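All letters in the sequence shown, in the order written, are residues 373 to 1533 by this note's numbering.
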Amino acid sequence: MPKDVTSIGSTKAQQLFDLPVSLQAGQVNTLSFSQESISTMQLTPKGELEISFRDGSRLVIENFEELVNSSQSCGRDTLIQLSDNTIIYPEELQEQLAQGPVQFGNSESGIIALSEPLAGQVIETNIEPGHEYQMGFDLSQVSAAQAGQNLILSFPNGGVLILNNYFAAAHTELPPVMTLADGAVVDASALLTSCKLVEIPSVAETVVAAVPPAASNLRDIEPAAGEPEVAPAPTPSAAQKIAQVEPAAGDDFANIEPAAGDAGGSPVSSSRGYGFNSSIDGASFGGEDPIGPIAPTALNYNAPTIPTIPYVSGQAGTPASFIPQDDRPVVGSAETVVDETNLGTAMGTVVVDYGNDGPGVLSFNDSFGFGGSVGPELKSCEFPVVVTHTGDTYTGTANGSVVFTLVIDPATGDYSFTQFGPLSHADATNSDDVISLTFGVTATDADGDATNTTITVHVHDDGPVAVDDSVSVGSDPFHVTGNVLTNDDAGTDGDGHVTSVEFNGVSYAVPAVGFVSVVGNFGVLELAADGSYIYTSYNAALGTDQFVYTMADCDGDTDTAILAVEVTDLDVQPTVQASSATLDETNLSGVNSVSGAVVADFGVDGPGSYAFNSGNSSGGSLAGGALTSNGVPVVVSLVGSQYVGMAGGDVVFTLTLDPVSGGYTFTQFKPLDHADGTNPNDSISLTFGVTATDADGDAVSTTVTINVLDDAPIAVDDGQIVPHNVLTVTGNVTTNDDVGEDVPGYVVNTISFNGADYAVPAVGTVTINGVYGVLEIGSNGSYSYTSFNTALGSDEFIYTIEDQDGDTSSAKLTLTVSDINTTPTLDVVPEVVDETLVDESGLQTVTGTVVVDFGADGPGTVALAGAPGFSATGSVAGGSLTSNGVPVVVTQVGNQYVGTAGGETIFELTLNPDNSYEFVLHGQLDHADATNPDDVITLNFGVVATDADGDTAVGTIKINVHDDAPVAVNDNVTIVDPSVSVSGNVTDNDDIGEDIPGFIVSEVEFNGTSYAIAQGGTVTINGTYGVLVIGSDGAYTYTSNNTAIGADQFVYTIKDQDGDPASATLTFTVKDIDQQPSIENEFLTVDETIVDNAGLQTVNGTLTYDFFGDGPGTINPVAGSFASGGSLKNGALTSNGVAVVVTLAGDTYTGKAGATTIFTL
């Protein structure tokens, strides 16, 4: 049978369940309400099952008719199980309800209604002590009979009401109360006075014909005529459920007469008939066909079978004749109870009345069934139980193990049931739910007549017993282990395991594999299904965590217990907070320190020590992403008990730690490079690891963080007031500023005025026109401000200074014109002096006049402003005024400015009483721009005009001294005699100017190639037509190649003393070349054999020559050029053995041998 279960919840008051509730065929459909909550069950016109409850609620099972007609229900596989384990078979319930509604008792109020059954209907009700039962029918028409402890009420319509346990309950200290239909209340024993009492004799004395059990469940009993004679009764129809019992004549038990024959005897002692106050000892009342166990509160919808009951009439008459019939053994069903808790043996006896045929034997008939709190399959834990019959023994086996045996003595009926293993009960919520095992037994008398009955064993479940556990955990270790099942009892069902654990109202399922973690107040519990656990203390506080765990046995019964874990001790780890300190490089003046302390709470373990742990890092505004000092990487190392930061060979910082107190000191010696130039206070964080260890060795780490703030220049606002009679004020904005530690120096780089920014050059000044005056300021912060003297007010300038690593700061320079005055005004036209124009006496003089408007104050005086009033600007070589490299010192002597270089006067400015002035330039001034031969030096001579009331005006006589430069003049040289080199000096026609001493030829360029000439040296340059050798003093020599006619042009550059250059050309023109004449050798032959009459031999010839372009010249013999060769005797020229001597005289060669002339030419 499928194990799926459909559950319907319990009802609520005044709630009508009219939803489409359907049950499932072929399954156990569990309804979670008990029989006691039901008032009535009935069928609706649609065939639905309507269940009415005592609280007014109603539940309708719409597909009830479908359940009845399903194929599974025919096989009794469809069940309805109530919460009190009452089992209902739908087809049997429908058969009963077809006769009319079924009413149920009210156990809660104590009043239980007993209704008249419908025609042919059999209703069983358990009678309990102390309850009140209300009869809904007239007892005067009801016949009563006793069957064992049960009272059977038979109604005229054939209905039967069986009051189980009636007589046993009536004899208790608290017998049930019976309320009659007219409202009269009687006790159980008085009830019989209202009924017709009939006797149920033993089967051995029954004289009616036996009818096969399958034919009917009850017999019709006809009254005897006269004597108690019983005639065979006709076989009842299958619909008839119980015999129609006719009451005895009369309404009073006292009038009942004993039966005739063997039934006679005194009323008190007779057991065959009943008289008033007679003892009631009815025959046993049991079914012929076994229907299985009936649980104490179960509704069983199988109609009970009742053996043949003879009718006994109480009226007088002739007893009827008896027709002997073969009897059958009468055997009662046997029941016993076994509690799995003890796994013991239960014994009992099957009582058999073999009748007249004599004793026979009892045997098992292989009919086994089970019911009650059990699933569709009988199991022992997870294994199916297989029941077999061998001889006198039933054996239940699961997975090869014997679970139970039932052994019977065939002769005596004594039986013993022994349980060896658990059975799996269905209700896990009830540790005492019951499984009923029904074993078929057959009683056979001596002549072979057999009657079947059952032995029912009610096996009560046992449940596990969980016992509280308590453990404690200290400080070493921080955990405790154990098993909660060690002291628990899983019972007979065994397989104890933990299914869940609850903490603080929250339940946690325990997995079959692994463990569940439960976070407690003082620690964490890890619990596995096998009961093993580990609890780990938080080591934070003392206290107890209580966990409620649920254990289950193999069939799901559960019990709970408490696992209490007490944290009794803590290992107090020292606690420590990170410490930090801040150091500002702004205060760094060689050495800067900051101190702090690492504070640890060592707790009860007692004080320990502090130490560095070699962990350090840097972060924050690191220039280039790394820790550096002035661009050098900083390497941090732990040396002993001190951190040291080194940049190259310089110590940048140190950090020392007191191992006892935890106090530390950070000392900075050098600045650190910060990244953010826009933030004058950006921070670099230096983090150092520190470990605090308590007395028992527990250690905890923390950090000391030193935040090193960048320093920056601090610009402080400046201000001046331009007072009365003063137009110009001066100062320096950096006087009250702070450069900080990022040196070297700082610079004023920007001035802002009225939203415009003005860059300040590194050298020189910038001039800014304000609203009320003009500001002139340099990068070193020095400034002058001159009021326009036109209106009162303030000009506010914003200046910005910058330190070495780019940090900036800005401040205000506020200049206030507090007074204007009609001061004199000076109009001085700058005069120009050109050094080039200095005359031969070395003097250059310019004159001018200081034009003063004294205004309404009247004329006053004009005077020189003194030496501080002089300045030189413009193209000043080296930034200061010099002459030939000697500084020019300007002094005021009376009404004259005098500039001297060494002991030599360079210039003079004389201011005359009529405000005219004269400037005389005596010597040269060194100009800066060598590339500009006319650059200007401006000489500023301060003058003060004072009007009649003392108002003054400051003016300046400006003399613009133009630089002079050497003038190089082109040189041209013609070569007419190529055999002779020409010499000269290129400077002969050049002008050195006034920048003496001397000048120098620095370079010569030819054909695009430049040749430098060292001071005092020469250079040789190969031209196209000749070679030039020239020195730095300008002297040169040019030698023609004498190969061609043409011109070589050289460009030479001269420089004066202060570097001004001038260039000119030096051109050599070769107009002629010197060519040698050519002459050819002449060969003449003289034959000594041919002599004329005079004895002479003469030959003549002409020389071949060419004088070329030089024109005809002369042909002359060359003395000493005579030579002889050929066939010379003895290698010498002789004549008759006398040596021939050749001489030249004029144009004639003469050869003589002694005094004899041998030849002439």
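A virtual CB, placed ideally from N, CA and C, is assigned to each residue, including glycine. A quick note: this is a predicted structure, and the numbers were derived from the prediction, not measured.
Within the model, the alpha-carbon separation for N435 versus G398 is close to 13 Å.
The C-beta distance from L1456 to F1422 rounds to 55 Å, too long to meet the 8 Å contact threshold. In the displayed model, F1479 falls within coil according to three-state DSSP, outside both helix and strand. Assigned with DSSP and collapsed to three states, P1259 falls in strand.
Sequence-distant Cβ neighbours of S1154 in its own chain, meaning closer than 6 Å and more than five residues away, are N1104. Residue pairing from DSSP places H869 in a beta bridge opposite A924. Fewer than three pairs of CB atoms, one per stretch, sit closer than 8 Å, so the region 1079 to 1090 makes no contact with the region 1129 to 1143. Burial state of Y1289 is buried, judged by a 10 Å Cβ sphere holding 16 or more other Cβ atoms.
Bridge partners of G1091 according to DSSP: T1186. Counting along the chain, F436 sits inside the alpha helix (DSSP H) bounded by residues F436 to N441.
For the options D1519, T1532 and T1233, the alpha carbon positioned closest to that of G1322 is the one of T1233.
For S1190, same chain residues with a beta-carbon under 8 Å away, outside a window of 5 residues either side, are I1093, V1094, P1095, H1096 and L1164 in chain order.
Non-local C-beta neighbours of T1065 in its own chain, meaning closer than 6 Å and more than five positions away in sequence, comprise G980, S981 and A1071, ordered along the chain. Taking T790 as the centre and dropping the five residues before and after it, the same chain places the C-beta of T717, F776 and T777 closer than 7 Å to its C-beta, in chain order.
Distance from the CA of V1262 to the CA of Y1410, rounded to the nearest whole angstrom, comes to 50 Å.
It is roughly 10 Å from the alpha-carbon of N714 to the alpha-carbon of D833. Using a Cβ-Cβ distance cut-off of 8 Å, the region 1354 to 1364 and the region 1122 to 1130 are not in contact, since fewer than three pairs of beta carbons, one from each stretch, lie closer than that value. Counting only unbroken stretches of 4 or more residues, no alpha helix (DSSP H) element lies wholly within the region 1333 to 1414.
For F539, the closest alpha carbon among the candidates G531, P548, V896 and T1310 is that of P548. Ranked by Cα distance from H1299, the options D1428, N1267 and T1050 are led by D1428. A check of alpha carbon separations from I934 across T947, V920, V944 and D927 identifies V920 as the nearest. In the same chain as T1219, and ignoring 5 residues on each side of it, the C-beta atoms closer than 6 Å to its own belong to E1290, in chain order. Secondary structure in the region 1272 to 1334: the beta strand (DSSP E) runs of 3 residues or longer, each lying completely within the stretch, are 1276 to 1283, 1288 to 1293, 1308 to 1318 and 1324 to 1334 in chain order.
Cβ atoms of G785 and T871 stay farther apart than 8 Å, at about 45 Å. Residue pairing of A1525 in beta bridges, as defined by DSSP: V1512 and T1528. Taking a cut-off of 8 Å for Cβ pairs, the region 1329 to 1341 and the region 1393 to 1407 do not touch, as fewer than three such pairs fall below it. Boundaries of the beta strand (DSSP E) harbouring P1433: P1433 to V1442, taken from the DSSP string. Between the region 803 to 814 and the region 743 to 751, the count of Cβ pairs shorter than 8 Å is three or higher; the stretches touch. Annotated three-state conformation of Q1014 is strand, per DSSP. Boundaries cannot be given for A397, as no alpha helix (DSSP H) includes it and DSSP labels it neither H nor E. The alpha-carbon of T1059 is positioned some 6 Å away from that of I1078. Within the region 969 to 1035, the complete beta strand (DSSP E) segments of 3 residues or longer fall at 981 to 992, 1004 to 1011, 1014 to 1019 and 1022 to 1029, listed in chain order. Counting only runs of 3 or more residues that sit fully inside the region 466 to 506, the beta strand (DSSP E) segments are 483 to 486 and 494 to 498, in chain order.
Taking one beta carbon from each stretch, the region 790 to 803 and the region 817 to 835 have 3 or more pairs nearer than 8 Å; the two touch.
Taking 8 Å as the cut-off, the beta carbon of T402 is found closer than this to the beta carbon of Q453.
Under the DSSP assignment, F1422 falls in the beta strand (DSSP E) whose first and last residues are G1418 to K1427.
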